[in-house]
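Protein chains: 2
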Amino acid sequence: MAPGVTTDASARPQPSRNATAEKLLDAVSDLMIERNSTDVSLSDLAQRSGVNAALVKYHYGNKEGLLLALLARDAEVQVSHLEYLLQQPISPTEKLKLHIAGIINAYYRFPYMNRLLHLLLHDSTEKAAQSVSHFFVKPLLDFQRRLLDEGVAAGEFKPVDPVFFYTHLIGACDHLFHGRHAMSRAAGVGEVTDEVRRQYIDHMIDALLGGMLQPERRRAAARN
Amino acid sequence: MAPGVTTDASARPQPSRNATAEKLLDAVSDLMIERNSTDVSLSDLAQRSGVNAALVKYHYGNKEGLLLALLARDAEVQVSHLEYLLQQPISPTEKLKLHIAGIINAYYRFPYMNRLLHLLLHDSTEKAAQSVSHFFVKPLLDFQRRLLDEGVAAGEFKPVDPVFFYTHLIGACDHLFHGRHAMSRAAGVGEVTDEVRRQYIDHMIDALLGGMLQPERRRAAARN
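What follows is the structure in structure tokens.
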């Protein structure tokens, strides 16, 4: 069993406290950002980090184990941000706006995070997918459930199904990154630049909070 | 060059008019629905259809060519629905509601369509991805652009960026199917049943059209 990875799907994976293990995670993160790709081999990593390939295997077993440990480390940071956000003395509406921006910004800053999620949830072992569901999907869903409850209790949000809300918001944010290449080919739209990131945050906040109907139409629709 | 596949990415792929080629598409579609998987080999297909394996290769070249021809055939049907919808004598708001239901219903009826889109756009050759972008993504984006223009002209919709609108709506609908398994593991939610399909259509229509803020909050937010 590699130290950085847990077998108990119900437990949060323990971050590796070992300095070499941490160094390897930093090196693979740097390599994936530099190459703008998750295509990094264990031998690339050994060369970059100066850590013996045997030690890479000792700490993480195989590439899946390494990627899982990296995503678990990054997810832990993101989940701590969610907890912090929930405790702020601001309205649920303001928290939701910051949450939408937070998801898009995290994907923008760490493009590999989005790709690792797709890779580990859909194209890896069932064990890896289960682990990602538990350290990433579940805490995010739990956070949103609490935020929605808070917003409804404050009279700010309409009641919505939290699983549908999650599906809608995460799907929409994910698609800016995951679907962009297909759209570039079809519509000649460019890469996700800093400007696009900012504009999509505004779009999602406006669309999710206010809807796209003009106010008089919205009142008419509500009467039907 | 296999008859069912076009090399010119700007042209709509020609549906194969050959009876054997059509029969093969029906057979692979049936097999994927039965197995609830896109994992169908050319020899499975030959066996099921009673068509000689050499003819499968003759018509579609390889598995990618076959899957591409199937998706192109199904996309053509969907795109013709979009054109029909746009010509109906109903309001842009009603068209948008039917469009949202149409996307979710198409994915529900043909689960393999969603999987083929992911497979051919992200895990196949650049040529396949380019072809899918042109026969699927582009017509859908063009339709939405026209519908949005119509809705703004009629005073029903707020002006929104069509590429962002596409990203938001398609991402959210796709995630009900593509992200469901990860959510099942994390939240114990079940499969996408007919009931879930119906409820998510209602959720997306309400959320996209009306937003999630309570009306008095929405007016307050608009004043800021």
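Respectively, the protein sequence lines represent chains A and B. Per my numbering, the very first residue in the first sequence carries number 61; after that it's consecutive. Per my numbering, the very first residue in the second sequence carries number 61; after that it's consecutive. All C-beta atoms, glycine included, are put in the ideal place defined by N, C-alpha and C.
Could you tell me which residues DSSP puts in a beta bridge with PHE217 (chain A)? Numbered from 1 along the first sequence, position 157 holds the residue referred to as residue 217 (chain A). Paired residue(s): B:LEU273.
Thinking C-alpha only, which one of B:GLU255, B:PHE217, B:VAL252 is nearest ASP266 (chain A)? Taking the first residue of the first sequence as position 1, residue 266 (chain A) is located at position 206. Among B:GLU255, B:PHE217, B:VAL252, the Cα nearest to that of ASP266 (chain A) is on B:PHE217.
So, is the C-beta of GLN190 (chain B) closer than 8 Å to a C-beta in chain A? Taking the first residue of the second sequence as 1, we reach residue 190 (chain B) at position 130. It does: the Cβ of GLN190 (chain B) has a partner Cβ on chain A nearer than 8 Å.
Which listed residue (B:PRO275, B:GLN274, B:ALA81, B:ILE261) has its alpha carbon closest to that of TYR168 (chain B): Here residue 168 (chain B) refers to the residue found at position 108 when the second sequence is read from its first residue. TYR168 (chain B) has its Cα closest to that of B:ILE261, out of B:PRO275, B:GLN274, B:ALA81, B:ILE261.
Residues of the region 158-172 of chain A with Cβ closer than 9 Å to any Cβ of chain B, in chain order: Taking a C-beta cut-off of 9 Å against chain B, none of the residues of the region 158-172 of chain A qualify.
Is it the case that the Cβ atoms of LEU146 (chain B) and ARG240 (chain B) are separated by a distance below 8 Å? Within the second sequence, residue 146 (chain B) is the residue found at index 86, counting from 1. Within the second sequence, residue 240 (chain B) is the residue found at index 180, counting from 1. Going by C-beta atoms, LEU146 (chain B) is not nearer than 8 Å to ARG240 (chain B).
From the beta carbon of GLN138 (chain B), is the nearest beta carbon of chain A less than 8 Å away? Counting from 1 along the second sequence, the entry for residue 138 (chain B) is found at position 78. Not one chain A Cβ lies under 8 Å of GLN138 (chain B).
Cα-Cα separation between LEU47 (chain B) and ALA214 (chain B), rounded to whole angstroms: Nothing about residue 47 (chain B) can be read from this structure; chain B reaches only from 61 to 284.
Quick one: grab the DSSP three-state call for THR66 (chain A). Here residue 66 (chain A) corresponds to residue number 6 of the first sequence, with the count starting at 1. With a pLDDT of 39 at THR66 (chain A), under the threshold of 50, the predicted position of this residue should be treated as unreliable, though the coordinate-derived value follows. In the three-state scheme derived from DSSP, where H, G and I count as helix and E and B as strand, THR66 (chain A) is classed as coil.
Assuming LEU273 (chain A) and GLY162 (chain B) are in contact, meaning their beta carbons sit under 8 Å apart, how far apart are those beta carbons, in whole angstroms? Your numbering for residue 273 (chain A) matches position 213 in the first sequence. Your numbering for residue 162 (chain B) matches position 102 in the second sequence. Between GLY162 (chain B) and LEU273 (chain A) the Cβ distance is about 19 Å, and since that is not below 8 Å, they are no contact.
Check this for me: beta carbons of LEU176 (chain B) and LEU127 (chain B), under 8 Å apart or not? By 1-based counting over the second sequence, the position of residue 176 (chain B) is 116. By 1-based counting over the second sequence, the position of residue 127 (chain B) is 67. Yes, Cβ-Cβ distance for LEU176 (chain B) and LEU127 (chain B) is below 8 Å.
Looking at the secondary structure, which residues open and close the alpha helix (DSSP H) in which HIS235 (chain B) lies? For the purposes of this step, residue 235 (chain B) is identified with residue 175 of the second sequence, where counting begins at 1. Per DSSP, HIS235 (chain B) belongs to the alpha helix (DSSP H) from 222-238.
How about the region 228-237 of chain B and the region 221-230 of chain A: do they share at least three Cβ pairs that are nearer than 8 Å? Enough Cβ pairs lie closer than 8 Å, so yes.
Do ALA246 (chain B) and HIS194 (chain A) have their CB atoms nearer than 8 Å? Here residue 246 (chain B) corresponds to residue number 186 of the second sequence, with the count starting at 1. Here residue 194 (chain A) corresponds to residue number 134 of the first sequence, with the count starting at 1. Closer than 8 Å, so yes.
Taking the C-alpha atoms as reference points, what is the distance between MET173 (chain B) and ALA79 (chain A)? Sequence index remark: in the second sequence, residue 173 (chain B) carries index 113 (1-based). Sequence index remark: in the first sequence, residue 79 (chain A) carries index 19 (1-based). C-alpha separation (whole angstroms): 46 Å.
The alpha helix (DSSP H) with GLY250 (chain A) in it runs from where to where? Here residue 250 (chain A) refers to the residue found at position 190 of the first sequence. Going by DSSP, GLY250 (chain A) is part of no alpha helix (DSSP H) at all; its letter is neither H nor E.
If you drop the 5 nearest sequence neighbours on each side, which residues of the same chain put their C-beta closer than 7 Å to that of SER103 (chain B)? Stepping through the second sequence from its first residue, residue 103 (chain B) is reached at position 43. Shown here for SER103 (chain B): same chain residues with a beta carbon closer than 7 Å to its own, the five before and five after excluded, namely ALA113 in chain order.
According to DSSP, simplified to helix, strand and coil, what is SER140 (chain B)? Reading the second sequence from its first residue, position 80 is the one you call residue 140 (chain B). Taken through DSSP and simplified to helix, strand or coil, SER140 (chain B) comes out as helix.
When we look at the beta-carbon of SER70 (chain B) and count the other beta-carbons within 10 Å, is it buried (16 or more) or exposed? Translated into the one-based positions of the second sequence, residue 70 (chain B) becomes position 10. Residue placement at SER70 (chain B) is poorly supported in this model, since its pLDDT is 40, which falls under 50; the coordinates still yield a value, given next. Residue environment for SER70 (chain B): exposed (fewer than 16 other C-beta atoms within 10 angstroms of its C-beta).
If you run the structure through DSSP and keep just helix, strand and coil, what is LEU268 (chain B)? Reading the second sequence from its first residue, position 208 is the one you call residue 268 (chain B). Under the three-state reduction of DSSP output, LEU268 (chain B) falls in the helix class.
Which residues of chain B have a Cβ atom closer than 8 Å to the Cβ of TYR260 (chain A), listed in chain order? Locating residue 260 (chain A) in the first sequence gives position 200, counting from the first residue. Correct list: PHE224, THR227.
Taking only three categories from DSSP, how would you classify ASP286 (chain B)? Here chain B covers residues 61 to 284 and nothing more, so residue 286 (chain B) does not appear.
Run down chain E in chain order and give the residues with a C-beta less than 7 Å from the C-beta of MET272 (chain A). Although the question refers to chain E, the structure presented lacks it and instead comprises the protein chains A and B.
Provide the residue span of the alpha helix (DSSP H) that contains ASP90 (chain A), from first to last. Here residue 90 (chain A) refers to the residue found at position 30 of the first sequence. Annotation: the continuous alpha helix (DSSP H) that includes ASP90 (chain A) extends over 79-95.
Inter-residue spacing [alpha-carbon to alpha-carbon] between HIS141 (chain A) and LEU131 (chain A): Position 81 of the first sequence, counted from the start, is the residue given in the question as residue 141 (chain A). Position 71 of the first sequence, counted from the start, is the residue given in the question as residue 131 (chain A). HIS141 (chain A) and LEU131 (chain A) have their alpha carbons spaced roughly 15 Å apart.
Check the Cβ-Cβ distances between LYS198 (chain A) and every residue of chain B, and say whether any is below 8 Å. Within the first sequence, the letter at position 138 stands for residue 198 (chain A). It does; some Cβ of chain B falls within 8 Å.
Report the neighbours of ASP254 (chain A) on chain B: residues whose CB is nearer than 7 Å to its CB, in chain order. Against the first sequence, residue 254 (chain A) aligns to sequence position 194. In chain order: nothing, as chain B lies at least about 15 Å away.
Since VAL111 (chain B) meets chain A, which of its residues come closer than 9 Å, beta carbon to beta carbon? Against the second sequence, residue 111 (chain B) aligns to sequence position 51. What VAL111 (chain B) touches in chain A: nothing, since even the nearest Cβ is about 31 Å away.
Would you mind sorting ILE93 (chain A) into buried or exposed? The rule is 16 or more other CB atoms within 10 Å of its CB. As a working note, residue 93 (chain A) is residue 33 in the first sequence. Its Cβ having fewer than 16 others within 10 Å, ILE93 (chain A) is exposed.
Looking only at C-alpha atoms, which of B:ILE164, B:ASP209, B:HIS119 sits nearest to GLU255 (chain B)? Counting from 1 along the second sequence, the entry for residue 255 (chain B) is found at position 195. Minimum Cα distance to GLU255 (chain B) is reached at B:ILE164.
Cut-off 7 Å between Cβ atoms - residues of its own chain near PRO63 (chain A), not counting five sequence neighbours on either side: Translated into positions along the first sequence, residue 63 (chain A) becomes position 3. Any reading at PRO63 (chain A) must be qualified, since the residue scores a pLDDT of 39, below 50, and its modelled position is unreliable; the value itself is stated next. The residues are SER76, ASN78, ALA81, HIS119.
Would MET92 (chain B) pass as an interface residue toward chain A - the criterion being a Cβ-Cβ separation below 8 Å? The sequence position of residue 92 (chain B) within the second sequence is 32, counting from 1. Nearest CB-CB separation between MET92 (chain B) and chain A: not below the 8 Å threshold.
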